[in-house]
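In our numbering, the protein residues as written are 30 to 176. C-beta: ideal position from N, C-alpha, C; glycine also. As the structure is a computational prediction, the values presented were derived from the model and not from experiment. First the structure, in the form of structure tokens, and then the observations on it.
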């Protein structure tokens with residue numbers, strides 16, 4: 030029997046007094062299973078990074094959760110299969126209040142969907158707002174141009 034667990038989390042910006050200004054900011058995702066530290070590439074994906082950090086700083090993700098696990102075995106009808114863990118506001122009313130951000134494709138940012146990369150979830154280019162996912166393994170089909 031496969032059990033999918035949903036973990037509530039909060040995101041906290043990490044500011045160290047000895048922090049080098051040339052370094053990218055880091056955000057800690059606190060879950061019931063432990064912490065995940067995420068480096069935010071403000072230099073390579075400024076629109077996405079600014080949006081994500083603003084949501085963190087406003088406390089929008091407090092009480093949010095990882096709510097979707099996409100694996101090879103749970104997408105039988107999909108031609109291209111991916112492996113991700115998705116989190117965010119999901120059904121929260123705040124999701125409707127957040128404007129979508131312009132798309133920053135991997136061909137521009139140079140950030141590939143490799144193992145443990147965090148990326149904004151979207152339906153189409155220009156529709157990302159609050160939802161994000163963590164890649165489980167390399168996901169080249171999510172990069173600009175696909176496989």
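- Within the segment 74–154, the complete beta strand (DSSP E) segments at least 3 residues long are 93–99, 113–117, 147–149, listed from N- to C-terminus.
- A contact between stretches requires three or more CB pairs, one per stretch, nearer than 8 Å, and the segment 84–96 fails this requirement with the segment 134–145.
- Secondary structure note for residue 68: its beta strand (DSSP E) is the uninterrupted segment 63–68.
- Ranked by how close their Cα comes to the Cα of residue 163, the residues 71, 147, 75, 152 have 147 in first place.
- For residue 76, same chain residues with a beta-carbon under 8 Å away, outside a window of 5 residues either side, are 130, 131, 133 in chain order.
- Residue 112 and residue 161 have their alpha carbons spaced roughly 13 Å apart.
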